[in-house]
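Participant:
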Amino acid sequence: MPRFAANLSMMYTEHAFLDRFAAAAADGFKAVEYLFPYEHTAADIRARLDANGLTQALFNAPPGDWAAGERGMAALPGRQAEFRDAFGRALEYAAVIGNDKIHVMAGLVPAGADHGRHRACYLENLAHAAQAAAAQGITVLIEPINGRDMPGYFLNRQDDGQAICKEVGAANLKVQFDCYHCQIVEGDLTVKLKRDFAGIGHIQIAGVPERHEPDLGELNYPYLFDVIDGLGYDGWIGCEYRPRAGTSAGLGWLKPYWKA
C-alpha cells in the first residue's frame, strides 16, 4: 500500500511552518517533506518531528538566492565552491533531522548557453555530493522539472536524469520521479516508472494541470498507485500539491488508503 508524506511547503500553509507538523500528524500523515528547513534550526524541526511521531522523508539542499529567482546551483559553472558549502549545510541538517534523502536542484540556464559546459559542472557537483552523502548513508536526488512551471530549468526529462546518474556512477544518486512534472513534459508515466524503477529514489504526486489534489485532473492515480505497488516501491510518496481549498478538507482522496 502506498505510504504518503505531506509536503509542508505546499500543504497546511494556513499554519505557520513549525505548526504544520502537528496539523499533518492530526490528519493522519506519518511522514513529511518540504523544500527547505534553513529558516529554522535543525533541532527545532527535529523536536516537531518527534513530538508528532513523524518521519522526515526529504528536503532540498540550499538553492542559492531563492527570493531572487534562483533555483539551484549544481549545474552553474563558477559556483562549485558555493554549491559544496551549501550541500555541506544540508548534510549538517540531515544529521540532526534524520532524513536519508536530499534533493539537489540543478539551476536555471539561459537560452543559448553551452549545454555541455553546464552538464560537465552538474556531473562534477553531483559526484561530490554523492561521495559526501555516502558517509551518512544519504541518497542524493535529482529531479526533472517541467519548463512551464520553471522556465530554463536545466533538467526536464526522466531519461536525461537517469543518464546523468549512470554517468556519475554513484549508487546513492537517484532520480526523483514527480508524476506532475513528468506528465507535463513527457506523459506515458507507467512505461517510465517501469523502465526506470531501479533508478528512482523518491516519488511525488499532484493533479495535472493545476497542481491541486491528485483526484483532480488528467492522471489516474489509483491506477498509478497500483503500478507503483506492483513494482515493489517501499518509499514515501510525497504529496507535493497546492490544495484547492483547505488542506484537511481536500484529503478525501487519501482516506481509503489509510483505512486499507
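Just so you know, we're using the UniProt record's numbering here: the sequence shown kicks off at 1 and counts up by one. Positions of the beta carbon are idealized from the N, C-alpha and C atoms, including for glycine. The model shown is predicted, which means the values in this text are computed figures rather than measured ones.
(1) Helix, strand or coil, according to DSSP, for residue 91 in the structure here?
(2) How many whole angstroms separate the CB atoms of residue 94 and residue 74, which I take to be in contact at a CB cut-off of 8 Å?
(3) Can you round the beta-carbon distance between residue 128 and residue 61 to whole angstroms, since I take them to be within the 8 Å contact cut?
(4) Could you tell me whether the Cβ atoms of residue 25 and residue 7 are closer together than 7 Å?
(5) Check residue 247 in the structure and name its three-state DSSP category.
(6) Express the C-alpha separation of residue 122 and residue 78 in angstroms, rounding to a whole number.
(7) May I ask you to list the residues that DSSP assigns as paired with residue 178?
(8) Considering just the uninterrupted stretch of the beta strand (DSSP E) at residue 57, what are its terminal residues?
(9) Cβ atoms of residue 203 and residue 237: under 7 Å apart, would you say?
(10) Shortest alpha-carbon distance to residue 69 belongs to which of 187, 4 and 109?
(11) Shortest alpha-carbon distance to residue 11 belongs to which of 154, 253, 244 and 259?
(12) Measure the C-alpha to C-alpha separation of residue 91 and residue 99 and round it to an integer number of angstroms.
(13) How many whole angstroms separate the CB atoms of residue 208 and residue 173, which I take to be in contact at a CB cut-off of 8 Å?
(14) If I follow the unbroken beta strand (DSSP E) through residue 7, where does it start and stop?
(15) Would you please state the rounded distance, in angstroms, between the beta carbons of residue 178 and residue 240? I believe it to be under 8 Å.
(16) Looking only at its own chain, which residues have a Cβ that is under 7 Å from the Cβ of residue 161, when we skip the five neighbours before and after it?
(17) Using a 10 Å radius around the Cβ and a threshold of 16 neighbouring Cβ atoms, would you call residue 63 buried or exposed?
(18) Tell me, please, whether the CB atom of residue 219 is closer than 7 Å to any CB atom in chain D?
(19) Is residue 82 buried or exposed, if buried means 16 or more other CB atoms sit within 10 Å of its CB?
Facilitator: Result, derived from the coordinates:
(1) To locate residue 91, count along the sequence shown from 1; it is residue 91. Helix.
(2) Walking along the sequence shown from the start, residue 94 turns up at place 94. Walking along the sequence shown from the start, residue 74 turns up at place 74. Not confirmed; about 17 Å, so no contact.
(3) Residue mapping note: residue 128 aligns to position 128 of the sequence shown, counting from 1. Residue mapping note: residue 61 aligns to position 61 of the sequence shown, counting from 1. No, residue 128 and residue 61 are not in contact; Cβ-Cβ is about 12 Å, not under 8 Å.
(4) The residue you call residue 25 lines up with position 25 of the sequence shown. The residue you call residue 7 lines up with position 7 of the sequence shown. Cβ atoms of residue 25 and residue 7: not closer than 7 Å.
(5) Residue numbering aside, residue 247 sits at position 247 when the sequence shown is read from its first letter. Residue state, collapsed to three classes: coil.
(6) Position 78 of the sequence shown, counted from the first residue, corresponds to residue 78. Position 122 of the sequence shown, counted from the first residue, corresponds to residue 122. In a straight line, the C-alpha of residue 78 is about 11 Å away from that of residue 122.
(7) As a first step, residue 178 must be located in the sequence shown, where it is residue number 178. Residue 178 pairs with 204.
(8) Taking the sequence shown and counting its residues from 1, the one referred to as residue 57 is at position 57. Start and end: 55 to 60.
(9) As a first step, residue 237 is located in the sequence shown; it is residue number 237 there, counting from the start. As a first step, residue 203 is located in the sequence shown; it is residue number 203 there, counting from the start. Yes.
(10) For this step, residue 69 is matched to residue 69 along the sequence shown. Among 187, 4 and 109, the Cα nearest to that of residue 69 is on 109.
(11) Start at 1 with the first residue of the sequence shown, and residue 11 comes out as number 11. With distances taken between Cα atoms, residue 11 lies closest to 244.
(12) Taking the sequence shown and counting its residues from 1, the one referred to as residue 91 is at position 91. Taking the sequence shown and counting its residues from 1, the one referred to as residue 99 is at position 99. Answer to the nearest angstrom: the Cα atoms are 10 Å apart.
(13) Numbered from 1 along the sequence shown, position 208 holds the residue referred to as residue 208. Numbered from 1 along the sequence shown, position 173 holds the residue referred to as residue 173. Between residue 173 and residue 208 the Cβ distance is about 27 Å, and since that is not below 8 Å, they are no contact.
(14) Here residue 7 refers to the residue found at position 7 when the sequence shown is read from its first residue. Taken as a continuous stretch (DSSP letters only), the beta strand (DSSP E) holding residue 7 covers 3 to 7.
(15) Here residue 178 refers to the residue found at position 178 when the sequence shown is read from its first residue. Here residue 240 refers to the residue found at position 240 when the sequence shown is read from its first residue. About 7 Å; that satisfies the 8 Å criterion.
(16) Stepping through the sequence shown from its first residue, residue 161 is reached at position 161. Excluding sequence neighbours, residue 161 sits near 142, 144, 155 and 175.
(17) Counting from 1 along the sequence shown, the entry for residue 63 is found at position 63. Buried is the call here.
(18) Protein chains in the displayed structure number just one, and chain D is not present.
(19) Position 82 of the sequence shown, counted from the start, is the residue given in the question as residue 82. Flag for residue 82 reads exposed.
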